[in-house]
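> Position 46 of the sequence shown, counted from 1, bears residue number 72 in this note's numbering, the numbering being contiguous throughout.
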Amino acid sequence: MQHYDAIILGAGAAGLMAAATAGQRGRRVLVVDHADAPGKKILISGGGRCNFTNIGTAPDRFLSANPHFAKSALGRYTAADFLALVEAHGIAWHEKTLGQLFCDGSARQIVEMLLDECDKATRSGGQVDIALGAPLDSVTHDGTAFRITRHGNRATAPRLIVATGGPSIPKMGATGYAYDLARQFGLKVVEPRPALVPLTLGGEETLFRSLSGVASEVVARAGKTRFREAALFTHRGLSGPAILQVSSYWRHGEPIGIDFTPDAAPDWLIAAKRAQPRLSPRRALGQHLPDRLAETLAERLALPAELGATTDKLLAAAQGRLADWTFHPNGSEGYAKAEVTVGGVSTAGLSSRTMEAKTVPGLHFVGEAVDVTGWLGGYNFQWAWASGRAAGEAV
Ligand code: FDA
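(1) Would you check if the region 110-121 and the region 148-164 touch, i.e. whether three or more CB-CB distances between them fall below 8 Å?
(2) Could you name the residues of the same chain whose beta carbon sits closer than 6 Å to that of Arg247, not counting the 5 residues immediately before and after it, in chain order?
(3) How close, in whole Å, do the beta carbons of Val137 and Pro193 come, if the pair is a contact with beta carbons under 8 Å?
(4) In terms of DSSP beta bridges, what is Ser265 paired with?
(5) Closer than 8 Å: is that where the CB of Asp59 sits relative to any heavy atom of the ligand FDA?
(6) Is the region 362-371 touching the region 209-220 in the sense that three or more CB pairs, one from each, lie closer than 8 Å?
(7) Would the beta-carbon of Gly191 fall within 9 Å of that of Glu394?
(8) Measure from the alpha carbon of Ala320 to the alpha carbon of each residue in Arg309, Phe172, Gly131 and Met198, then state which is nearest.
(9) Assuming Val188 contacts Ala204 (C-beta within less than 8 Å), just tell me the rounded distance between them.
(10) Checking 9 Å against the spacing of the C-beta atoms, do Thr336 and Leu329 come in under that value?
(11) Is Cys129 helix, strand or coil when you go by DSSP?
(12) Less than 9 Å between the beta carbons of Thr47 and Ala417, yes or no?
(13) What do you reckon, is the C-beta of Ser194 under 8 Å from a heavy atom of the ligand FDA?
(14) Could you compute how far the alpha carbon of Gln311 sits from the alpha carbon of Ile296?
(15) Ends of the beta strand (DSSP E) at Pro307?
(16) What is the DSSP secondary structure of Arg54, counted as helix, strand or coil?
(17) Alpha carbon to alpha carbon, how far is Ser98 from Ala184? Give it in angstroms, no decimals.
(18) Determine the extent of the beta strand (DSSP E) in which Ala221 is found, giving its start and end residues.
(19) In three-state terms, what does DSSP make of Gly82?
(20) Is it the case that the CB of Ser71 approaches a heavy atom of the ligand FDA more closely than 8 Å?
(21) With a threshold of 16 other CB atoms inside 10 Å of the CB of Pro307, please say whether the residue is buried or exposed.
(22) Are the CB atoms of Leu162 and Leu389 within a distance shorter than 9 Å?
(23) Name the two residues that bound the continuous beta strand (DSSP E) containing Val165.
(24) Scan the region 329-362 and note each continuous alpha helix (DSSP H) run of 4 residues or more that stays entirely inside, going in chain order.
(25) Whole angstroms is fine: what's the gap from Arg54's alpha carbon to Ala349's?
(26) Excluding the five sequence neighbours on either side, which residues of its own chain have a C-beta within less than 6 Å of the C-beta of Glu143, listed in chain order?
(27) Check Glu365 in the structure and name its three-state DSSP category.
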């Protein structure tokens, strides 16, 4: 039996941050993961360059049943703090768009940085052992200590940090294990669902699949939440950053709205009719949209062949439809394609300062496992760093 100050389940973003933090505070830490390498999602993130944070990080860019919960951890470990760490490791970075910071080189640099930080534990009398490549057999608690068994080995510690993430991308080894553990210890789980995920179209909207590969700058809307970014038609439905963003807010059975002409002046179609009455609706739309999209939308609007042959009232209705075109997704591409999971271990049972379960002293949940989910663009890693840090400081 090996004895530690803390055992961390999951060698991903939040688990490694928690391990480095606790280790540098002189704690003896064991990190276990069933994957054969640490930080696998970090490695594939941001197209291999890891969008490691967002300088616009603010609590209102996170979804949670309790929108205030993330404030404490995010406020104490900020995007600037993580950026300072990245710079201290000499990792070159750039801002791509909308405050999104990426490595110039490779996401591997972020994993190596976190492992380096874990190694620094020995300088302060701490220790971080990382045990990979074997599934956990059991996790128990005898009232004072947690005990894990894996591969015939047993380890015990008074603190357990659960950092096993969410079930997005199961083929990479992602699981809902954190939810099972939460329930085992009597904590509630907010129903998880795939998020930052492409949406699928069925019925008569399948005709939009013929636009597969066409992208356009739009404002996409789910309920009252709007995102201005690119939307992409796919052979299954809709994707692109604007759609991924609204997918986190979308619920089965609800429509989404797309403004295909976010930059058009009010009454632009009517103005086009006055200026060029012989212009076809398709060509008028083509002044704002990619050709194939203009053609499909013009067909759906079923206006007469020339703008001049159309009433202003009909044109106003067409403008309105183009500014809030309603799609009825019949589903999403699911966990197989979802970048994150919305929902998770209920924040109602956790301390926002330490991420510790209120009813099970010593048990902490961090990262994506928790019911806190960020927008697309580096927010989810920032939550992993901040919540991992909060738990690492507490154990
Ligand atoms: P994470 O998933 O990183 O780690 C969990 C660890 O637990 C894994 O190592 C896993 O093997 C292990 N584990 C799971 N179940 C286990 C079990 N039963 N037993 C033992 N170990 C277990 N975010 C962002 O901010 N910027 C970005 O650029 C991207 N890009 C991106 C691309 C793709 C393709 C995906 C799928 C996701 C992203 N994300 C992202 C999201 C980001 O990767 C995610 O939010 C964080 O990795 C979450 O960190 P965690 O440490 O909570 O989980």
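We put the beta carbon where it would ideally sit given N, CA and C, even for glycine.
Concretely, from the data shown:
(1) A contact is defined here as three or more CB-CB pairs under 8 Å, and the region 148-164 fails this definition with respect to the region 110-121.
(2) Walking along the sequence shown from the start, residue 247 turns up at place 221. Answer for Arg247: Gly283, listed in chain order.
(3) As a first step, residue 137 is located in the sequence shown; it is residue number 111 there, counting from the start. As a first step, residue 193 is located in the sequence shown; it is residue number 167 there, counting from the start. Not quite, the Cβ-Cβ distance comes to about 21 Å (not below 8 Å), so this is no contact.
(4) As a first step, residue 265 must be located in the sequence shown, where it is residue number 239. BP columns for Ser265 point to Leu258.
(5) The count along the sequence shown starts at 1 and reaches residue 59 at position 33. Checking the Cβ of Asp59 against the ligand FDA gives yes.
(6) yes
(7) Mapped onto the sequence shown, residue 191 falls at position 165. Mapped onto the sequence shown, residue 394 falls at position 368. With respect to the 9 Å criterion, Gly191 and Glu394 are classified as neighbours on the basis of their beta carbons.
(8) As a position in the sequence shown, residue 320 is number 294, starting the count at 1. Closest by alpha carbon: Arg309.
(9) Counting from one through the sequence shown, the residue named residue 188 turns up at place 162. Counting from one through the sequence shown, the residue named residue 204 turns up at place 178. Val188 to Ala204, Cβ: 5 Å. Contact.
(10) The residue given as residue 336 occupies position 310 in the sequence shown. The residue given as residue 329 occupies position 303 in the sequence shown. For Thr336 and Leu329, yes; Cβs fall inside 9 Å.
(11) Mapped onto the sequence shown, residue 129 falls at position 103. In the three-state reduction of the DSSP assignment, Cys129 falls in the strand class, which pools E and B.
(12) The residue you call residue 47 lines up with position 21 of the sequence shown. The residue you call residue 417 lines up with position 391 of the sequence shown. Closer than 9 Å, so yes.
(13) To locate residue 194, count along the sequence shown from 1; it is residue 168. Within the cutoff, so yes.
(14) As a first step, residue 311 is located in the sequence shown; it is residue number 285 there, counting from the start. As a first step, residue 296 is located in the sequence shown; it is residue number 270 there, counting from the start. Note on identity: in this sequence residue 311 is Leu, with Gln being the wrong assignment. Roughly 12 Å between the two C-alpha positions.
(15) Residue mapping note: residue 307 aligns to position 281 of the sequence shown, counting from 1. Not the beta strand (DSSP E): Pro307 falls in the alpha helix (DSSP H), residues Pro307 to Gly312.
(16) Indexing the sequence shown from 1 puts residue 54 at position 28. Residue state, collapsed to three classes: strand.
(17) Numbered from its first residue, the sequence shown carries residue 184 at position 158. Numbered from its first residue, the sequence shown carries residue 98 at position 72. Reading the sequence as shown, one finds Pro at residue 184 and not Ala. Computed Cα separation, rounded: 24 Å.
(18) By 1-based counting over the sequence shown, the position of residue 221 is 195. Segment Val215 to Ala221, the beta strand (DSSP E) holding Ala221.
(19) Counted from its first residue, the sequence shown places residue 82 at position 56. Coil.
(20) Locating residue 71 in the sequence shown gives position 45, counting from the first residue. Yes, the beta carbon of Ser71 sits closer than 8 Å to at least one heavy atom of the ligand FDA.
(21) Here residue 307 refers to the residue found at position 281 when the sequence shown is read from its first residue. Burial state of Pro307 is buried, judged by a 10 Å Cβ sphere holding 16 or more other Cβ atoms.
(22) Reading the sequence shown from its first residue, position 363 is the one you call residue 389. Reading the sequence shown from its first residue, position 136 is the one you call residue 162. No, the pair does not count as a contact, with Cβ atoms beyond the cut-off.
(23) Mapped onto the sequence shown, residue 165 falls at position 139. Per DSSP, Val165 belongs to the beta strand (DSSP E) from Ser164 to His167.
(24) The region 329-362 contains these whole alpha helix (DSSP H) runs: 338-349.
(25) On the sequence shown, residue 54 is found 28 positions in, with the first residue counted as 1. On the sequence shown, residue 349 is found 323 positions in, with the first residue counted as 1. Spanning the two alpha carbons is a distance of roughly 58 Å.
(26) On the sequence shown, position 117 is the one that residue 143 refers to. For Glu143, where only same-chain residues beyond five positions count, the Cβ hits under 6 Å are Ala46.
(27) Taking the sequence shown and counting its residues from 1, one reaches residue 365 at position 339. Taken through DSSP and simplified to helix, strand or coil, Glu365 comes out as coil.
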